Amino acid sequence: MDVDKVKVGLIGSGNISYTYLNTLTQFSIIEMVGCSDLIPEKSKARAETFGIRQMTTDEILADPEIEIVVNTTELFNHNKVTRMALEAGKHVYSEKAMGDNYEGAKANYDLAAEKGLRIGSAPDIYMGAAYQTARKLIDEGMIGTPLLAYALCFRSYPFHAMPFEFPKAFGQRGSSITYDMSGYYINAMVALLGPVQRASGYSRFFEDRVYTNTGHPRYGQKIDKLSGETVMMGNLEFECGCYGSLAMCSEGFSPEIPRVEILGTEGTLTLPDPNYFGGWGNDVYITRVGNPGEKFKVPFTHGFSDMDPEIPTKTGKREPCHNSWRGIAVVDMAWAIRRGRPHRSSAELALHTVEILNAIDNSDATNRVYSIETRPQRPAPLKPGFFGHPTVMEASIDL
Ligand SMILES: NC(=O)c1ccc[n+]([C@@H]2O[C@H](COP(=O)([O-])OP(=O)(O)OC[C@H]3O[C@@H](n4cnc5c(N)ncnc54)[C@H](O)[C@@H]3O)[C@@H](O)[C@H]2O)c1
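The opening residue of the sequence shown carries number 1 in my numbering; numbering runs sequentially from there.
Below, the structure is given as structure tokens:
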């Protein structure tokens with residue numbers, strides 16, 4: 001390859017770092033240097049699994065050859081770790097959300113602009129097979145003019161086996177499903193329809209809920225109100241004229257019911273969970289004018305679909321999202337740095353999501369509809385028809 005590899009360091013060797021390292025070690029533009037964690041055993045384990053260096057966070061920040069820092073720390077550490085990396089002169093790609101409050105995220109956005117550094121943020125699921133197929137269908141006019149978009153995520157946190165207490169400082173008014181999941185849906189809809197210009201909403205904590213999973217350490221106890229809003233409804237007005245709704249609930253009866261639909265003058269797209277790249281039940285369907293009663297499954301036009309979830313992992317145990325391509329936006333950022341072009345998961349896109357969430361949160365208290373200042377471009381589509389080996393799919397990002 002005639003292009004120098006981009007050296008990358010990862011900070012935060014927890015659950016999701018497996019997936020990132022698994023992705024980033026497969027693409028030609030990236031040289032994964034090392035990973036750190038406050039708990040050295042965690043970074044040691046990841047370093048051994050992926051044949052990279054176990055480093056401290058200070059070593060990553062001080063290494064002059066590392067150009068991109070991947071921030072996979074917990075949400076409440078995103079702003080802090082991103083700031084440290086920017087101050088050390090690194091480009092940063094952060095797990096979602098970009099920050100746990102708009103002010104901190106905006107301060108990092110401004111710092112990056114001042115220093116000529118790049119920020120990117122998860123989710124990058126819109127680069128996957130399902131949402132790229134949807135993008136192609138929309139851009140080629142298959143649903144006509146998009147008029148309405150709605151997103152639903154109905155989860156059951158009381159039933160989940162995780163100790164789901166979020167940091168209370170998240171956002172201006174709590175956390176919970178609003179910040180944990182809404183970002184996937186906002187990001188996916190903005191990638192398809194462009195930016196949101198106004199947002200409002202309602203959100204509340206659903207009282208009297210107890211942990212219902214007998215395996216949960218807090219089984220039978222009431223859920224802490226400080227964990228944040230558990231029911232949220234957001235209203236979005238996209239700049240393109242389409243209206244959107246965002247219904248998020250963590251108090252459902254089911255592990256998860258996800259849904260995104262985009263309704264246009266000539267057709268409707270029914271899209272899979274934007275937490276997955278596509279395949280294994282996460283398919284794209286279209287209903288067309290002239291055949292309004294029938295949904296047709298659309299074969300994927302793009303690579304980067306999910307892999308068989310039963311494929312064994314490198315650690316021999318199940319890892320979160322291990323069958324996905326989370327991290328391909330870092331690959332895109334690396335190519336963008338070398339080519340001197342914009343990267344797809346832009347700082348504007350990352351901040352846009354946080355600004356919208358903040359507006360919905362505030363709207364409930366103030367009864368106001370908020371004008372959204374950030375106006376990200378839709379990320380450039382990937383090339384269709386590139387399937388299979390990572391080397392082939394990598395070309396679809398950069399060509
Ligand atoms: N777990 C999942 O399934 C999943 C899926 C998608 C996205 N995410 C997102 O990824 C992020 C991380 O989630 P996770 O589940 O991997 O969390 P985690 O708690 O397993 O890992 C975070 C790690 O960051 C480390 N850390 C914090 N500050 C640090 C610092 N200054 N230097 C070095 N290490 C530091 C912590 O010690 C911890 O090990 C969150 O934003 C989460 O929303 C998680």
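All C-beta atoms in this analysis are idealised placements derived from N, C-alpha and C, irrespective of residue type, glycine included.
It should be emphasised that the depicted structure is a prediction, and the values quoted were computed from it without experimental measurement.
In this structure, Ser250 has its CB at a distance of at least 7 Å from all heavy atoms of ligand 1. With respect to the C-alpha of Cys35, the residue from Gly9, Asn362 and Ile262 having the closest C-alpha is Gly9. Check the Cα spacing between Asp398 and each of Ser371, Ile66 and Ala329: the tightest is with Ala329. DSSP, reduced to helix, strand and coil, places Leu382 outside both helices and strands of the structure shown, so it counts as coil. Annotation: the continuous beta strand (DSSP E) that includes Tyr150 extends over Pro146 to Ser156. Pairing Ser203 with Tyr179, the inter-Cα distance amounts to about 12 Å. Shown here for His322: same chain residues with a beta carbon closer than 7 Å to its own, the five before and five after excluded, namely Tyr18, Thr19, Asn22 and Thr313 in chain order.
When C-alpha distances from Tyr131 are compared across Ala105, Asn187 and Ser182, the shortest belongs to Asn187.
For Glu59, the enclosing alpha helix (DSSP H) has its first and last residue at Thr57 to Ala62.
At a cut-off of 4 residues, the continuous stretches assigned as alpha helix (DSSP H) that sit fully inside the segment 275-362 are 328-339. Taking C-beta atoms under 8 Å as the contact rule, Leu271 and Val260 qualify, at a distance of about 4 Å.
In the three-state scheme derived from DSSP, where H, G and I count as helix and E and B as strand, Ser250 is classed as coil. Counting other Cβ atoms within 10 Å of its Cβ, Asp139 stays below 16 and is therefore classed as exposed. Short of 6 Å from the beta carbon of Thr25, and not among the five residues preceding or following it, lie these beta carbons of its own chain, in chain order: Met32 and Phe50. In the structure shown, Ile257 falls within a strand segment according to DSSP collapsed to helix, strand and coil. Rounded to the nearest whole angstrom, the C-alpha separation of Arg53 and Ala47 is 6 Å. If you draw a 10 Å sphere on the C-beta of Pro376, you find 16 or more other C-beta atoms in it, and that means buried.
In the structure shown, Lys222 falls within a strand segment according to DSSP collapsed to helix, strand and coil. Judged by the Cβ position, Asp37 qualifies as a neighbour of ligand 1 at the 7 Å threshold, a heavy atom of the ligand being closer than this.
For Ala129, same chain residues with a beta-carbon under 7 Å away, outside a window of 5 residues either side, are Phe277, Gly278, Gly279, Phe300, His302, Gly303, Phe304 and Ser305 in chain order. By the 16-neighbour rule on beta-carbons within 10 angstroms, Lys317 is exposed. Here the distance from the Cβ of Thr72 to the nearest heavy atom of ligand 1 is below 7 Å. Under DSSP, Arg53 shares a beta bridge with Gly34. For Tyr211, the secondary structure class from DSSP, reduced to helix, strand or coil, is coil.
Per the DSSP secondary-structure output, Met84 pairs with nothing in a beta bridge.
Taking 8 Å as the cut-off, the beta carbon of Glu67 is found closer than this to the beta carbon of Lys7. Put simply, the segment 332-347 does not touch the segment 357-372. Fewer than three CB pairs are less than 8 Å apart.
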